[in-house]
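To convert, count from 1 in the sequence shown and add 59; that's my numbering. Glycine residues also receive a C-beta, built at the ideal position from the N, C-alpha and C atoms. Report on one structure; see the data block that follows.
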Amino acid sequence: MILRARVVLPVTRPPIDDGVVFISGNRIRTVCRWRELTVPADEKVVELGDTVLLPGLVNAHCHLDYTDLAGEIPPTPLFTDWIKSITTAKSGKIYADFAQSWLQGAQMLLRTGTTTVADVEVVPELLPDVWLATPLRVFSFLEMTGVKSRRDPRLVLDDAARKIQSLPVSRGGAGLSPHAPYSTMPKLLSLSAALAREKGWRLVTHVAESDQEFEMFMQGRGEMFDWLRRNERDMSDCGLGSPVRHLERHGYLADNLLAVHVNYLAPGDAMLLERHGVSVAHCPRSHAFFQHRRFPRNELAGAGVNLCLGTDSLASVTKMRGQLLELNLFAEMQSFASAHPDAPPEAIVRMATVNGARALGMQGTLGELGANALADLITVPYNGDSGGAFEATVHHKGDVAASMIDGEWAKPPAT
Ligand SMILES: [Zn+2]
């Protein structure tokens, strides 16, 4: 199949006016100008017209099973209060609620151009059924905590590992998600890192999300410190340095780690993340919801850290008047662009595509249009030339015009 569009945006190469993507099965064979292509006699050409054709978006952080919590939990001045609220809200839900929520979230992502998502799963029993109910390419990370239950980290990890090994081969994959340094014991981090290394699995962990978490590890005090101590967490790992240093001490920093948020850094943290090849997922609308300190983009990007974009869950997105509250990576790109007006549109599109693919170990395979990459792509309406294509992509509103995953139309182009 040959797809022809007004502009093709391979992302890893300059944009192409009147470009084509030649697909064979579920892979891309060639990306070039229309006039450079010799069309084989029996090959079908799909005219996509006035559109930008680009790789499907890679959402580097999501919690699909919280979609139905949209707008239910107001932002609170203290991050720990919000954690308590969401824990209460979750405890009232049953399996069917989580399943419906997950699937509804997947629909939202598909409509708005995400083709690959790194999702944190709090209800592992949903897998693999929900995978089979969506064309989305899902990388599921099984959440682990264990502080409140005081379960032995070995048992917590055994459960997750057993689940991962029971899962069938899919378009995506599965990995481990120790929730955060504050909500897990250091032993869970070191055991997870060792097992992930052995099995070739990837890790997702929330890191340095709030000022309270930063204070807890840096100074061994504050609201989060007091709250967790009351819950009988062993606090002897606090007061020793930043959350990033904490992870380093427990052998957790490596190139298979996708660290989520990373809002609060001590001097040297950005270099440390870069040196270990850690990727960072930033969630602009969730960031704005909690009114965190400005995201340290310049520090992280300056150190050479791979930065990606995620939606987080709808439980931490503020509803704007007249706006539909939905999981939408374009809305995240726009939120990021307005918070960081110095960021070039091309860099923002890279964060939502190729950088996310790299964070999942899928560089060259997802998040770009190139020979041998998987045929995951989307189109958005556009009638300009290649010069304005990145900018127009960042500011696209609404659903995508078409979406293909693994060589099959998830949303066919209008004919
Ligand atoms: Zn999260």
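Taken in chain order, the whole beta strand (DSSP E) runs of length 3 or more contained in the segment 278-310 number zero. Annotation for A165: the continuous alpha helix (DSSP H) segment containing it runs Y154 to R170.
When the five nearest sequence neighbours on each side are left out, the beta carbons in the same chain lying within less than 6 angstroms of the beta carbon of A233 are those of S199, I223 and L226, in order along the chain.
Under the three-pair Cβ rule at 8 angstroms, the segment 347-356 does not count as touching the segment 114-128. R63 is classed as buried because its beta carbon has at least 16 other beta carbons within 10 Å across all chains shown. Here the alpha carbons of V339 and M330 stand approximately 13 angstroms from one another. Per DSSP, the continuous beta strand (DSSP E) segment holding N118 begins and ends at L116 to C121. The alpha carbon of P237 has as its nearest neighbour, out of L419, L201 and V182, the alpha carbon of L201. Under the three-state reduction of DSSP, I223 is assigned to helix. Distances from the CB of D124 to the heavy atoms of ligand 1 are all 7 angstroms or more. The beta-bridge partner set that DSSP reports for G420 is empty. Within the model, the alpha-carbon separation for E274 versus R280 is close to 6 angstroms.
Note that the segment 74-81 touches the segment 89-97; at least 3 beta-carbon pairs, one per stretch, sit closer than 8 angstroms. With a 10 Å radius around the Cβ and a threshold of 16 neighbouring Cβ atoms, L214 comes out exposed.
Set against 7 angstroms, the gap from the CB of V319 to the closest heavy atom of ligand 1 is smaller. By the C-beta criterion, the segment 435-448 is judged to be in contact with the segment 101-111, since at least 3 inter-stretch pairs fall below 8 angstroms.
Three or more Cβ pairs closer than 8 angstroms define a contact, and the segment 160-173 falls short of that threshold against the segment 131-148. Counting along the chain, the unbroken beta strand (DSSP E) around F200 starts and ends at R196 to M203.
Taking the CA atoms as reference points, A390 sits about 18 angstroms from L436.
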